[in-house]
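Protein chains in written order, with this note's numbering: chain B, 2 to 756; chain P, 2 to 756.
2 protein chains.
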Amino acid sequence: MVIESDGFDRLKIAQQEAIFHTANGYIGVRNCPEEGVQYRSQSIRGAYINAFYDTEPIRYAEKLHGFPDTAEHMVNVTDVQSIALYAGNERFSPSGGLLGHTRVLDMENGLAIRSISWRTSAGNTIALCIKRMASFVMKNLFLLEFCITSLDYSGGMTVVSSQDGNVKSFSDPDDPRVPSNGDRRLITERLRAVEDSTIMQSKTVNTELTMASAVRHVCTLHSRIDHKLASNRADTVISIQIEPGQTAVIQKFCIFTDGRRFDDPAGAALKLLDEAVRYGAAYWYKKQQELLDGFWRHSRIVIEGDEAAQRLMDFNVYQLLQSAGSDRLSNIPAKGLSGEGYEGHYFWDTEIYMFPFFLLTDRKTARSLLSYRYHILDEARRHARDMGHQKGALYPWRTIAGRECSSYYPSGSAQYHINGDVAHSVLSYYAVTNDMDYLAEEGAEILFETARLWLDVGHYGSDGRFRIDCVTGPDEYTCIVNNNFYTNSCARENLFGAVSAYCLLCGGGMENEVRRLVAGDEIEAFKHAAERMYLPYDDELGIIAQDDSFLQKARWDISSIPPGDFPLLLNYHPLYINRHQICKQADTVLAAWLFDEDMDDAVIERTFDYYEPITTHDSSLSACVFSIVASRLGRLERAYDYFKKAVATDMEDIQGNTKHGLHIANMGGAWLAVTAGFAGLRIRENGLHFRPRCPKNWKSFAFKLQYRESEFQITINTNTAVFILLSGPPVPIFISGNAYYLKDELTVEVSGGHA
Amino acid sequence: MVIESDGFDRLKIAQQEAIFHTANGYIGVRNCPEEGVQYRSQSIRGAYINAFYDTEPIRYAEKLHGFPDTAEHMVNVTDVQSIALYAGNERFSPSGGLLGHTRVLDMENGLAIRSISWRTSAGNTIALCIKRMASFVMKNLFLLEFCITSLDYSGGMTVVSSQDGNVKSFSDPDDPRVPSNGDRRLITERLRAVEDSTIMQSKTVNTELTMASAVRHVCTLHSRIDHKLASNRADTVISIQIEPGQTAVIQKFCIFTDGRRFDDPAGAALKLLDEAVRYGAAYWYKKQQELLDGFWRHSRIVIEGDEAAQRLMDFNVYQLLQSAGSDRLSNIPAKGLSGEGYEGHYFWDTEIYMFPFFLLTDRKTARSLLSYRYHILDEARRHARDMGHQKGALYPWRTIAGRECSSYYPSGSAQYHINGDVAHSVLSYYAVTNDMDYLAEEGAEILFETARLWLDVGHYGSDGRFRIDCVTGPDEYTCIVNNNFYTNSCARENLFGAVSAYCLLCGGGMENEVRRLVAGDEIEAFKHAAERMYLPYDDELGIIAQDDSFLQKARWDISSIPPGDFPLLLNYHPLYINRHQICKQADTVLAAWLFDEDMDDAVIERTFDYYEPITTHDSSLSACVFSIVASRLGRLERAYDYFKKAVATDMEDIQGNTKHGLHIANMGGAWLAVTAGFAGLRIRENGLHFRPRCPKNWKSFAFKLQYRESEFQITINTNTAVFILLSGPPVPIFISGNAYYLKDELTVEVSGGHA
């Protein structure tokens with residue numbers, strides 16, 4: 002279970018920093034060359050703490066009412082990854098004599114390893130092996146182990162290992178997908194050496210959030226360790242005497258803490274550092290491996306007959322683990338903790354693309370992700386008021402601590418479907434867990450408040466149907482439309498879900514509690530609107546209409562667009578794009594996955610066939626959904642092509658911006674392409690449903706799911722699907738529409754797809 | 002013909018600065034208290050040169066492709082209006098002993114006069130009379146005459162008269178209608194005294210445009226004049242000895258020149274200053290009066306029986322004269338030269354609201370306004386490319402020198418109807434003048450290039466109708482819609498107009514010339530699209546549909562909105578507004594005026610009745626149009642109410658922002674409410690059409706129009722309309738649909754309207 006990369010390509014440094022980054026949901030450190038880079042543009046040096054953010058005013062040339070005035074940005078925190086190495090007076094640099102350079106992401110042991118063979122100008126050879134670990138066990142610990150092996154060098158070496166508070170955010174003013182200015186957001190407040198540790202306390206400029214980093218070096222073969230402290234930088238200078246055959250090991254223990262989680266971040270960091278060093282690196286390596294052993298046991302998709310797919314799938318699933326915050330404060334940034342793309346914001350990505358993976362394999366994290374949404378419910382209420390609504394809550398399109406951070410509302414705040422997406426995850430959670438306590442404590446309130454908003458944003462047309470005008474659906478190439486099918490569908494589910502939650506809680510003897518949250522006539526109003534929800538459909542074409550006007554717009558033949566013009570948003574004015582029947586990503590096709598329960602197969606098929614040729618997949622959230630629905634239609638080859646595109650997105654830099662961070666939602670999407678796609682998994686109120694199929698070039702694939710109090714395994718090959726109950730009581734499952742009761746093992750025949 | 006205002010109300014200083022400003026289409030000087038104000042916020046000190054602008058980068062929090070990166074701003078130029086007056090050591094200030102304060106705008110003599118009676122702390126009384134004139138004859142000349150009359154004071158007085166280069170632009174970050182930052186845009190390059198003049202040369206920060214101001218004082222009763230020069234300020238200190246009964250006169254001759262009009266602005270300013278002083282103030286006053294005599298003779302609307310309306314109408318028409326640039330470089334800023342609202346930009350305001358006044362009363366200025374559009378045609382071509390169009394030209398929504406300066410495209414660049422508006426003015430010009438040379442030299446090229454754009458922005462729907470998607474019509478409370486009736490109507494006129502121009506020029510023997518501009522098959526394509534233009538109509542309601550979706554949106558009862566919430570754009574998020582059937586301004590009702598030739602009366606009536614109660618008139622461009630169409634429907638009382646609102650907009654500060662400058666387009670609209678409204682004037686290909694009616698409370702009203710080579714007068718009372726040919730050959734006119742040939746005098750009966 003490794004990802005490997007040979008050679009040192011200057012043009013790919015930033016991309017590799019993201020791919021080989023190490024994170025644990027709390028801290029993330031890009032895998033930047035320890036020795037630095039020759040040109041700043043080659044590298045995006047960064048380390049992040051999930052949900053640790055600064056703010057800055059959003060400046061508009063023309064500011065209209067309700068535009069957010071403050072944006073949150075994930076902060077690039079103290080740089081602990083810089084290590085300069087000298088053999089005598091010669092400083093190591095890849096631009097010197099590089100004999101070999103390999104990177105490995107070891108996903109069984111949770112390590113990123115960089116191996117270097119260096120020929121000095123004097124002709125000596127020195128091998129470097131640099132291991133990095135963001136501990137899943139002690140989430141504040143980042144460990145960097147720097148090993149120097151002399152093959153034939155004899156003499157003094159110097160290692161200068163830094164802790165640097167002079168960090169800036171990444172920016173590119175011409176790319177709307179990353180921050181537009183790279184201001185310093187972190188100020189060093191205090192830097193000191195405490196015994197053999199250096200501890201730096203910093204504060205964000207505007208939010209005045211405190212963080213601390215504490216660093217201690219544990220070394221072999223060293224003659225002395227000195228700390229040189231400047232105002233915002235500590236250099237630890239380690240002098241080594243080495244002989245051929247010897248290896249000097251420098252273990253750099255780095256602890257990150259922050260004021261959102263600790264009252265005294267600096268004190269806590271020192272305490273944790275003591276603990277980390279006391280147990281020693283070997284202990285943490287072992288704990289890391291043990292934890293990952295458990296992770297892979299429950300969460301791995303095992304693919305037989307397609308090694309490349311197996312490796313990529315492992316990489317995808319591993320990144321989900323690395324990215325997910327698991328306290329109520331944090332969630333999953335669009336780029337995980339691998340880069341500053343989308344400024345560390347949380348989007349609907351979590352609920353629609355990543356949440357199902359956690360829900361079905363790691364319920365505790367799933368619960369925490371949901372609790373984050375409950376935690377920011379008050380902010381969502383405030384946001385609804387800003388948008389003109391007197392009641393209900395509207396989740397921010399992008400945020401860290403809860404405030405809407407979208408400065409361009411047509412493809413930002415206008416995406417009201419975020420409310421339905423959150424509601425969808427609440428309802429899925431309840432469907433899988435039957436957790437009434439969650440519903441009573443948090444879930445129902447979210448459902449009621451989001452449902453309320455739909456009543457205010459929509460209205461009844463003259464035909465009595467409930468309409469929702471002036472919103473943007475998932476397809477960001479078609480902004481501000483009326484009756485977006487996806488939006489109306491998820492609003493409908495949201496409204497019905499609120500009604501269900503009300504009935505469940507009343508039925509469960511919590512009538513008094515629930516009536517504090519919602520009135521009976523409101524529930525009637527939810528039901529009334531849901532039942533009359535207008536879902537646009539084109540009779541002539543026999544397809545779902547993306548919205549009221551999409552199908553009347555001009556066609557734009559994708560094959561006529563020069564390849565250099567993609568993604569279109571970087572090359573065409575939004576009005577020009579909006580004017581055409583062209584999709585950035587799945588929209589009706591997404592609805593045809595998430596809301597397919599009552600959909601006619603033929604409608605799904607015609608819908609897929611209509612929208613597929615007009616979708617550019619300029620969003621990384623698209624291919625996986627097309628894969629899922631292609632599977633649903635039995636088009637396994639097409640499904641496999643889309644799956645391959647999704648699963649390889651970052652390794653092959655398909656979107657061209659992996660350097661800004663990994664496309665984590667797409668990675669959840671790749672997991673879904675297998676489970677919801679090939680295996681046909683749907684979470685329904687009455688249980689989990691499957692339509693198992695196996696891609697032709699796979700011998701088989703298998704994965705495990707947790708449902709209610711049980712866990713079971715599904716193994717699918719081209720002929721059969723085998724379901725094995727691994728633990729817990731028997732569970733009801735549905736296979737191709739037939740109900741089963743899984744007690745120990747169940748084998749069904751698998752129908753082949755058509756091409 | 003005077004506007005008068007008594008008293009000194011601190012809260013109205015800024016509003017009065019606009020109302021009593023003096024301008025001549027080239028320079029405009031707000032009527033700010035010469036002595037300064039106590040609190041900066043009370044006053045918006047400013048002077049402007051039409052089309053003299055600086056640029057600054059537009060910063061977007063999220064910048065998408067094609068967003069303009071640079072905005073132009075009219076520059077607040079050198080301040081020459083500061084004059085401090087000392088009686089002995091006591092400085093005059095209105096916060097001292099103010100016995101009387103009167104302002105007069107004398108529209109016959111072209112002067113703004115401020116009269117002050119000052120009681121000094123020693124108990125003496127001094128009368129001040131301050132006259133200002135922006136010369137219509139020598140457009141570079143601004144003359145400020147400061148007269149001090151001692152009633153009972155005897156002794157020394159000092160006048161410190163300044164020329165100040167330390168000027169900033171006005172700004173309010175929370176109001177999208179004015180600039181958001183008040184940076185300094187003008188740097189003093191050189192300041193010197195040349196004999197008894199002071200001359201300052203300045204440069205804009207980014208455009209590096211040069212301007213010069215030259216000042217000389219001509220005084221009586223003075224003992225000495227000293228110039229004190231600082232780096233960017235010249236104070237001229239005039240010492241006076243005065244006795245009771247004496248008057249000291251200080252004539253401050255100020256010349257403004259700029260590098261867009263003069264190769265050597267400073268040299269030219271000094272030369273012009275010499276000339277101005279040599280002829281003397283009395284000469285310029287006389288010339289001003291003579292010019293205005295001619296202006297009023299041709300341009301006045303004479304109202305019998307309604308003095309208030311007469312005074313307001315005169316004020317409106319006078320402001321049109323003050324505001325219009327008459328070189329190819331300049332046009333009419335939204336606020337004229339009376340303030341920095343809308344940053345001195347030119348909008349469609351000119352073509353639709355102000356151009357008809359000039360076209361029918363001052364053809365030379367009309368031609369110049371049209372030539373401005375030809376002058377920026379290349380910029381419009383560039384803008385079309387930015388918006389994704391490979392051919393044609395798209396006029397910028399707001400601009401000074403031609404580049405699109407709209408930083409918020411939903412109610413900016415999306416207003417493609419600007420192309421149709423410009424085409425409409427070209428076609429009107431030809432209809433009135435029959436000027437083939439203009440068509441051949443400039444007009445046809447504009448028509449072809451704008452028509453081309455419609456072919457690219459629109460497309461044929463499956464029903465064969467030509468559709469235009471994703472544009473914003475005039476109503477800025479309903480942004481980015483499909484098939485806005487107004488837009489499609491003016492596109493249709495634009496396309497047909499291009500065909501007509503082609504035929505006219507070919508018929509006029511200019512086949513070769515015209516074929517260099519347009520191909521025959523393009524003309525066919527224009528005709529094809531125009532004939533098939535989709536104009537949305539609601540069969541059930543029997544009304545024009547504002548666009549494809551407007552009538553399906555939620556209603557929002559205007560009476561339920563708290564009065565403090567208007568204008569809605571300052572109090573609701575645009576999406577919330579867009580989601581409702583609510584209009585900022587006339588849109589279909591505007592179409593029902595401009596494109597009523599083939600419209601059924603009943604449709605116009607039902608349309609008016611439907612849209613009237615849902616229009617907030619938050620735009621000052623609205624009331625006049627409702628007045629015109631109410632007249633068309635014979636609803637004279639309603640028409641008169643709207644007219645009254647329009648004509649009093651600034652005098653009564655109805656929009657609440659007169660302090661930012663006068664609503665000049667509305668003033669053109671007030672003229673139209675009388676001519677196109679009460680008199681029912683329409684410019685059609687075959688001649689001028691009328692449907693004369695007289696408001697009940699008016700005895701009569703009369704105005705003159707120039708058509709072809711003739712001028713004629715129309716006098717309308719409640720019974721008859723009398724048309725008198727004043728000069729030129731006989732002209733065809735149409736009255737209530739009947740064709741006449743006006744040879745000398747023609748009297749027709751007038752039908753009354755219903756209430």
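Even glycine gets a Cβ: it sits at the ideal position worked out from N, Cα and C. Note that the structure is a prediction, hence the values are computed from the model and not measured.
Item, Value
"Scan the segment 61 to 106 of chain P and note each continuous beta strand (DSSP E) run of 3 residues or more that stays entirely inside, going in chain order.", "71 to 77, 84 to 88"
"Where does HIS690(B) fall in DSSP's three states?", "strand"
"Within the 7 Å Cβ cut-off, does ASP470(B) reach chain P?", "yes"
"Should GLY111(P) be labelled buried (16 or more other beta-carbon atoms within 10 Å of its own) or exposed?", "buried"
"Going along chain P in order, which residues have a C-beta closer than 8 Å to the C-beta of HIS66(B)?", "LEU570, LEU571, ASN572, TYR573, HIS574, PRO575"
"What does GLY389(B) touch in chain P if you count any residue whose Cβ is under 7 Å from its own?", "TYR573, HIS574, TYR577"
"Contact defined as beta carbons within less than 8 Å: I believe PRO34(B) pairs with LEU152(B). What is the distance between those atoms, to the nearest angstrom?", "So it is not a contact: roughly 21 Å between Cβ atoms."
"For ARG386(B) and ASP176(P), what's the separation of their Cα atoms in angstroms?", "20 Å"
"Is there at least one Cβ from chain B nearer than 7 Å to ALA381(P)'s Cβ?", "no"
"Would DSSP call ALA282(B) helix, strand or coil?", "helix"
"At a CB distance below 9 Å, what residues from the segment 452 to 465 of chain P approach chain B? Give them in sequence order.", "VAL458, GLY459, HIS460, TYR461, GLY462, SER463"
"Just the C-alpha distance for THR237(B) and LYS646(B), rounded to the nearest angstrom, thanks.", "45 Å"
"Which same chain residues, not among the five before or five after PHE147(B), have their C-beta less than 6 Å away from its C-beta?", "ILE84, ILE131, ILE251"
"Taking any Cβ of chain B, which residues in the segment 596 to 607 of chain P have a Cβ under 8 Å from it, in chain order?", "none"
"Taking the alpha-carbon positions, what's the ASN139(P) to ILE256(P) distance?", "In the sequence as displayed, the identity of residue 139(P) is Met instead of Asn. Computed Cα separation, rounded: 9 Å."
"Rounded to the nearest angstrom, how far is the Cβ of ALA270(B) from that of SER232(B), given a contact under 8 Å?", "Actually they are not in contact, since the Cβ atoms of ALA270(B) and SER232(B) sit about 19 Å apart, beyond 8 Å."
"7 Å is my cut-off, CB to CB: does ALA526(P) come that close to chain B?", "no"
"DSSP state of CYS130(P), grouped into three classes?", "strand"
"Is any heavy atom of the ligand MN found at a distance shorter than 6 Å from the C-beta of PHE171(B)?", "This structure lacks the ligand MN, and indeed carries no ligand of any kind."
"Where do the N-terminal and C-terminal ends of the alpha helix (DSSP H) with THR488(B) fall, by residue?", "486 to 508"
"Compute the Euclidean distance between the alpha carbons of LEU249(B) and SER240(B), then round it to the nearest angstrom.", "Note that residue 249(B) is Ala in the sequence shown here, rather than Leu. About 10 Å."
"CA-CA distance, ASN489(B) and HIS390(B)?", "18 Å"
"Under three-state DSSP, which class holds THR608(P)?", "helix"
"At a CB-CB cut-off below 7 Å, which residues of chain B make contact with ASP549(P)?", "SER550"
"What residues match up with PRO733(P) in a beta bridge as DSSP calls it?", "TYR742(P)"
"Within 10 angstroms of its Cβ, does ASN25(B) collect 16 or more other Cβ (buried), or is it exposed?", "buried"
"Just tell me which of ASP539(P), ARG468(P), PHE567(P) has its CA closest to the CA of GLU532(P).", "ARG468(P)"
"Where DSSP assigns a beta bridge to TRP119(B), which residues make up the other side?", "LEU99(B), ILE127(B)"
"Which partner residues does MET459(P) have in the DSSP bridge list?", "First, the amino acid is wrong: residue 459(P) is Gly here, not Met. Answer is ILE469(P), bridged to GLY459(P)."
"Does LYS399(B) pass the burial test, meaning 16 or more other C-beta atoms within 10 Å, or should it be called exposed?", "For the record, residue 399(B) in the displayed sequence is Arg; it is not Lys. Classification of ARG399(B): buried, given that the 10 Å Cβ count is 16 or more."
"With a CB to CB cut of under 7 Å and the five nearest residues on each side skipped, what residues in its chain are close to LYS554(B)?", "ARG580, HIS581, GLN582"
"Shorter than 7 Å from the beta carbon of ALA415(B) to some beta carbon of chain P?", "yes"
"With GLN656(B) and LEU622(B) assumed to form a contact (beta carbons below 8 Å), what rounded beta-carbon distance in angstroms separates them?", "The Cβ separation is near 11 Å, so there is no contact."
"To the nearest angstrom, how far is the alpha carbon of GLY98(B) from that of ILE127(B)?", "10 Å"
"Please identify the residue among ASN667(P), PHE21(P), ALA680(P) whose C-alpha is closest to the C-alpha of SER339(P).", "PHE21(P)"
"What number of angstroms, rounded off, separates the C-alpha of ALA756(B) from the C-alpha of THR719(B)?", "Residue confidence is low: ALA756(B) scores 36 on pLDDT, short of 50, so the model does not pin down where it sits. Its coordinate-derived value is still stated next. Spanning the two alpha carbons is a distance of roughly 15 Å."
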